[in-house]
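Below: the structure, in structure tokens.
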Amino acid sequence: MKALVYHGPGSRAWEDVPDPVIQEPTDAIVRIDSSTICGTDLHILKGDVPEVKPGTILGHEAVGTVVEVGAAVTTLVPGDRVLVSCITSCGRCRFCKEGHYGLCTGGGGWIFGHLIDGLQAELARVPFADTSVYKVPDELTDEHVLFLADILPTAYEVGVLNGRVEPGDTVVVVGAGPIGLATIMTAKLHTPGCIVAIDPAAARLEKALELGADITIDNSREDAVARVMELTDGLGADVAVEAVGVPETFELCAELIRPGGRVANVGVHGHPATLHLEKLWIRDVLITTGLVDTNTTPKLLKLIEGGRLDPRVFATHHFALADAEQAYDVFAAAAETHALKVVLTAVPVGRTLTVAEPEVAVAR
Ligand SMILES: NC(=O)c1ccc[n+]([C@@H]2O[C@H](COP(=O)([O-])OP(=O)(O)OC[C@H]3O[C@@H](n4cnc5c(N)ncnc54)[C@H](O)[C@@H]3O)[C@@H](O)[C@H]2O)c1
Ligand SMILES: [Zn+2]
Ligand SMILES: [Zn+2]
């Protein structure tokens, strides 16, 4: 088969690799029908995630079709369409039993495109298949559910739920990339009073308004703290969600919240940030961090099925899976291309690409 293989910092290639095989009776082999690229994949390519060894297939988000199951798999059969999520659950360890699949100590957690071969490939081996994949309802397209593999549950669990967003709250989202925008989309499920998006990129702020932000602040031109204080009668926001991953935005979030407010950190940080306890100790604040567990995936899937959420707006660019290298270039140049999520679609042999079929990959 072909797959996108990481060859060390700055280097990757779409190339021939051996087909995956069942290694454990709990495995399934899934044919990848649609996949996408995450900002984390770009971090890996920069060499920021040294656990990823050269030779690893990248990718941790996909929708596919089961083609083979191991002897112990009881709930899946070849032909089932499934969402393969960024988080795998062994189903047996303490954390999986508590629903904290992200913390799995039984061989799951974030493993695809990290500790084992990933999903930007024609086929993938999926460990703990029974407890890790989600069957896709027939009436939903791949693109309806693809972003449930990462950004939606991440934004909802680590941003909205950790931030305890309540009806009427003023919610500030710092960083309007795919994660920040998905936070805006899923925060609306809790009917906040006002959503404020902060980002220096005009195109991202525009998208934030489209997805339901009420107010946008370009913090390269405006003092975000002063503006949020003005909007909240000098108190500060109820919730600030950090969706960038640099020290200054974490520190900004801590300045933006009211006494008794909440900072929900979603960003992946590579450097220490300063926690101003000398100011915060008296303000009764709550600060949370987290890796996504994906335990809200079934709930989000139901909301998509019921037409209450439509994440297809995140798909800005479409490519054939075989053009993954080109897709990485477009995704990495988001400032110029305005890419949010790129959809990589596998084209069954013999099928031609046409613009008339939106579900079929067309490089635009
Ligand atoms: N906790 C988790 O489980 C988890 C899962 C997935 C991603 N993440 C992390 O979430 C973060 C956001 O992901 P993404 O894919 O949306 O990233 P992204 O890089 O696409 O978007 C980040 C946004 O932040 C904006 N930004 C940059 N500097 C800023 C500043 N000083 N003030 C305000 N905005 C600023 C950028 O313009 C951009 O729009 C990343 O750190 C990512 O690694 C966390
Ligand atoms: Zn990701
Ligand atoms: Zn586990």
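All residue numbers for the sequence shown refer to the working numbering, where the first residue is 6 and numbers rise by one. From the three backbone atoms N, C-alpha and C, an ideal C-beta is built for every residue, glycine too.
Check, Outcome
"Completely contained alpha helix (DSSP H) runs for the stretch 96-142, where each covers 4 or more residues", "99-102 and 134-137"
"Cβ pair Gly64, Ser40 closer than 9 Å", "yes"
"Candidates Ala340, Ala325 and Ala259: closest to Lys7 by CA position", "Ala325"
"Per-residue burial, Ile222 [other beta carbons within 10 Å of its own, 16 or more giving buried]", "buried"
"Under the three-state DSSP convention, the category Arg288 falls into", "coil"
"Contacting residues, own chain, Cβ-Cβ under 6 Å from Asp143 (five flanking each side not counted)", "none"
"Length of the line joining the Cα atoms of Val87 and Val71", "7 Å"
"Neighbourhood of Leu210 by C-beta distance below 7 Å, restricted to the same chain and skipping five residues each side", "Ala181, Ala202, Asp204, Thr221 and Asp223"
"Among Gly185, Ala259, Leu166 and Ile200, nearest to Ala278 - alpha-carbon criterion", "Ala259"
"Alpha-carbon spacing of Val230 relative to Pro183, whole angstroms", "23 Å"
"Proximity below 9 Å, CB of Gly111 to CB of Phe117", "no"
"Glu56: CB within 8 Å of a non-hydrogen atom of ligand 2", "no"
"DSSP state of Ile27 mapped onto helix, strand, coil", "coil"
"Pocket of ligand 2 defined by Cβ to heavy atom distance under 6 Å", "Cys43, Thr45, His65, Cys91 and Asp155"
"Helix, strand or coil at Ile189 according to DSSP, with G and I counted as helix", "helix"
"Any non-hydrogen atom of ligand 4 within 8 Å of Gly104 CB", "Ligands displayed in this structure: ligand 1, ligand 2 and ligand 3; ligand 4 is not among them."
"Pair within 9 Å by beta-carbon distance, Gly96 and Phe133", "yes"
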